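Chemist:
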Amino acid sequence: MEGAVIEFHLDGRSGVSPYLQIVQQVRHALRLGLLDEGDRLPTVKEVVARLAINPNTVLKAYRELEHEGLVAARPGVGTFVTRTLADASLAAHAPLRQELRRWLSRARRAGLDDESIEALFMTTFRTAAREDIA
Amino acid sequence: MSAVLRARHLGKRYKQRWALSDCTFEVPAGHVTGLVGPNGAGKSTLLNLAAGMLTPTSGTIEVCGGVPGDGPAQLAKVGFVAQDTPVYASLTVADHLRLGARLNPGWDDALARRRIERLGLDPDQRAGRLSGGQRAQLALTLGIAKRPELLILDEPVAALDPLARREFLQDLMEAVAEHGLSVILSSHLVADLERVCDHLVVLVASQVRLAGALDELLATHHRLSGPRRDVATLPADQEVISASHTDRQTTLVVRTEAPILDPAWTVSGLTLEDLVLAYLARPAGAGSAGRPALTVLR
């Protein structure tokens with residue numbers, strides 16, 4: 001059997017639950033084109049033997065990815081990528097990054113330090129997310 | 001939910017002292033359950049009761065559907081690695097495997113040999129000359145190769161260096177993934193528990209203070225901070241686990257199923273360590289008998 005394409009790692013200080021970290025790492029790899037359709041994710045046994053984490057954590061992450069339609073489990077064979085996220089949005093990254101850079105230099109000129117910039121971004125981000133839901 | 005362990009009003013007394021009293025809780029099958037609590041809280045007593053090494057003074061305990069230690073069939077279902085992962089110092093690694101094969105009806109010899117080989121242990125080495133990490137791995141090998149339904153481990157990694165600890169937990173999790181066995185392990189190292197456990201039991205001063213699925217416990221506990229406030233004015237569904245006040249500020253850890261709506265609070269999540277510490281520091285008798293429950297009149 002072909003080996004898995006990616007390996008997971010855990011950040012114990014991130015405050016993000018291990019299962020969500022795995023979900024995010026798969027999504028991230030899909031977005032960056034690191035994972036492609038047909039690629040096999042590491043088996044549950046491979047992940048737990050490497051990270052020393054609870055198997056149910058991995059199962060939960062894989063179920064969530066399956067629910068999102070990103071992967072599909074083939075019993076006895078493994079879990080495979082069914083859809084990639086590196087589509088049109090990848091092309092939009094560059095112009096967005098440029099705008100963000102311009103915004104950052106404006107913020108600095110206005111006298112904001114790193115912490116203030118981060119706080120401003122996060123509160124705006126959260127408020128906008130909340131308004132989108134409402 | 002099928003339970004691998006059921007305790008009802010379980011108690012154990014040593015002479016005058018109750019090491020465990022009135023414990024009622026369940027541990028679900030197919031999970032890895034972490035048992036935490038300060039020294040002397042009764043963790044080892046509880047694990048020894050579950051393994052059948054001790055008998056209860058009061059109440060009942062049921063493990064894998066039977067009475068702990070009750071006959072060969074029950075003994076075969078439960079693996080027990082006692083504190084400090086004991087092995088027979090004068091016996092060789094190979095002797096341990098032979099002993100395991102003779103004493104356990106469900107012994108998986110191929111699995112035991114594979115593990116010993118992978119660990120790089122010399123079969124002719126006396127167990128007394130193994131390093132702490134190797135000794136723990138030998139004890140784990142015996143526990144896994146027995147092919148129990150439930151594996152109980154009392155502080156298995158406490159004496160190990162970080163690398164040996166990680167390797168031990170990797171192998172334990174691999175066995176859980178491969179054989180679907182249930183595990184109960186006690187540990188002081190909450191960071192390890194956070195990785196390997198999906199269920200938690202907190203034992204303080206001989207009583208179970210908290211038991212439940214890790215995800216749910218983390219989702220239902222919140223840290224609130226805001227302007228100073230009397231905790232008696234909180235909504236009835238918010239159980240206060242810990243509270244500290246300055247002249248102007250109040251910081252709380254509360255447990256609630258409902259979202260926190262009061263805009264006066266800054267709400268943040270808790271790490272497992274914060275959660276455990278909040279319960280360890282909580283005075284005895286707090287909780288259900290603490291604040292009188294308020295009812296909302298509509």
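Chains A and B, in that order, give the protein sequences.
Read in order, the letters of the first sequence are residues 1 to 134 in the UniProt record's numbering.
Read in order, the letters of the second sequence are residues 1 to 298 in the UniProt record's numbering.
Backbone N, C-alpha and C define an ideal beta-carbon position, used for all residues, glycine too.
Nothing here was measured: the structure is a model prediction, and the numbers come from that model.
1) Using the beta-carbon count (16 or more within 10 Å), is Arg-135 of chain B buried or exposed?
2) By the three-class DSSP mapping on this structure, what secondary structure does Thr-271 of chain B have?
3) By how many angstroms is the C-alpha of Thr-60 of chain B removed from the C-alpha of Asp-262 of chain B?
4) Could you compute how far the alpha carbon of Leu-121 of chain B sits from the alpha carbon of Val-93 of chain B?
5) Can you tell me which residues form a DSSP beta bridge with Glu-62 of chain B?
6) Alpha carbon to alpha carbon, how far is Val-254 of chain B from Gln-238 of chain B? Give it in angstroms, no decimals.
7) Thinking C-alpha only, which one of B:His-221, B:Ala-164 and B:Thr-57 is nearest Gln-16 of chain B?
8) Are the region 184 to 192 of chain B and the region 156 to 168 of chain B in contact at 8 Å, needing three or more beta carbon pairs?
9) On the DSSP bridge assignment, give the partners of Phe-80 of chain B in chain order.
10) Taking the C-alpha atoms as reference points, what is the distance between Thr-45 of chain B and Gly-65 of chain B?
11) Is the region 32 to 39 of chain B close to the region 107 to 127 of chain B, with three or more CB pairs under 8 Å?
12) Which residues in the same chain as Gly-33 of chain A place their Cβ atom closer than 8 Å to its Cβ, once the five residues preceding and following it in sequence are excluded?
13) What residue range is occupied by the uninterrupted alpha helix (DSSP H) comprising Phe-168 of chain B?
14) Got a sec: is the Cβ-Cβ distance from Val-267 of chain B to anything in chain A below 8 Å?
15) Does chain A have any CB closer than 8 Å to the CB of Thr-33 of chain B?
16) Going along the chain, which residues of its own chain have a beta-carbon closer than 6 Å to the beta-carbon of Thr-223 of chain B, five neighbours each way excluded?
17) Per DSSP, which one or two residues make a beta bridge with His-199 of chain B?
18) With three or more beta-carbon pairs closer than 8 Å as the criterion, would you say the region 13 to 32 of chain A touches the region 137 to 146 of chain B?
19) Inspect the beta-carbon positions of Leu-97 of chain B and Ala-112 of chain B and report whether they are closer than 8 Å.
20) If you check the beta carbons only, do Ala-30 of chain B and Ala-89 of chain B fall under 8 Å apart?
21) Just mark Arg-74 of chain A as buried or exposed, buried being the case when its beta carbon has 16 or more other beta carbons within 10 Å.
22) Which residues does DSSP list as the beta-bridge partners of Gly-226 of chain B?
23) What first and last residue would you give for the beta strand (DSSP E) that runs through Gly-66 of chain A?
24) Can you tell me where the beta strand (DSSP E) holding Thr-141 of chain B begins and where it ends?
25) Val-81 of chain A: which of A:Leu-30, A:His-9 and A:Tyr-19 sits nearest, CA to CA?
26) Would a check of beta-carbon distances place Ala-73 of chain A closer than 8 Å to chain B?
27) So, is Pro-283 of chain B buried or exposed, given that buried needs 16 or more other C-beta atoms within 10 angstroms?
28) By Cβ distance, which residues of its chain are closer than 6 Å to Arg-209 of chain B, with the 5 residues on each side in sequence left out?
29) When the Cα of Asp-95 of chain B is compared with those of B:Leu-138, B:Ser-131, B:Gly-106 and B:Val-67, which residue comes out closest?
30) Does Leu-35 of chain A come out as helix, strand or coil in the three-state DSSP assignment?
31) Exposed or buried, which one is Gly-290 of chain B when buried takes at least 16 other CB atoms within 10 Å?
32) Measure the C-alpha to C-alpha separation of Val-48 of chain A and Arg-102 of chain A and round it to an integer number of angstroms.
33) With 16 as the cutoff for other CB atoms within 10 Å, does Ala-50 of chain B come out buried or exposed?
34) Given that Asp-262 of chain B touches chain A, what residues does it touch there, using C-beta distances under 9 Å?
35) Can you give the beta carbon distance from Ala-7 of chain B to Thr-24 of chain B, rounded, assuming they're within the 8 Å contact cut?
36) Kindly indicate if chain A contains any beta-carbon less than 8 Å away from that of Met-53 of chain B.
Modeler: Concretely, from the data shown:
1) Residue burial annotation: Arg-135 of chain B is buried, with at least 16 other C-beta atoms found within 10 angstroms of its C-beta.
2) coil
3) One C-alpha to the other measures close to 43 Å.
4) 8 Å
5) When beta bridges are read from the DSSP output, Glu-62 of chain B appears opposite B:Arg-6.
6) For Gln-238 of chain B and Val-254 of chain B, the distance between alpha carbons rounds to 6 Å.
7) It is B:Thr-57 whose Cα lies nearest to the Cα of Gln-16 of chain B.
8) Cβ pair count under 8 Å is three or more, so yes.
9) B:Ile-152
10) 20 Å
11) no
12) Thr-84, Ala-86 and Leu-90
13) 162 to 179
14) no
15) no
16) It should be noted that the sequence gives Arg, not Thr, for residue 223 of chain B. Scanning its chain for C-beta atoms nearer than 6 Å, with the 5 sequence neighbours on each side dropped, one finds around Arg-223 of chain B the residues Val-253, Ser-268 and Leu-270, in chain order.
17) B:Thr-33 and B:Ala-213
18) no
19) In contact: Leu-97 of chain B and Ala-112 of chain B (Cβ atoms closer than 8 Å).
20) According to the sequence shown, residue 30 of chain B is Gly rather than Ala. Contact flag unset, no.
21) exposed
22) B:Thr-250
23) Looking at the sequence shown, residue 66 of chain A is not Gly but Glu. Where Glu-66 of chain A is concerned, there is no enclosing beta strand (DSSP E), although the alpha helix (DSSP H) it sits in stretches over 55 to 67.
24) No beta strand (DSSP E) holds Thr-141 of chain B; the alpha helix (DSSP H) holding it covers 132 to 145.
25) A:Leu-30
26) no
27) exposed
28) Val-202 and Tyr-279
29) B:Leu-138
30) coil
31) Residue confidence for Gly-290 of chain B is low, a pLDDT of 38 falling below 50, so the modelled location carries little weight and cannot support an answer.
32) 43 Å
33) buried
34) By Cβ distance, chain A contributes nothing, its closest Cβ being about 16 Å from Asp-262 of chain B, past 9 Å.
35) 6 Å
36) no
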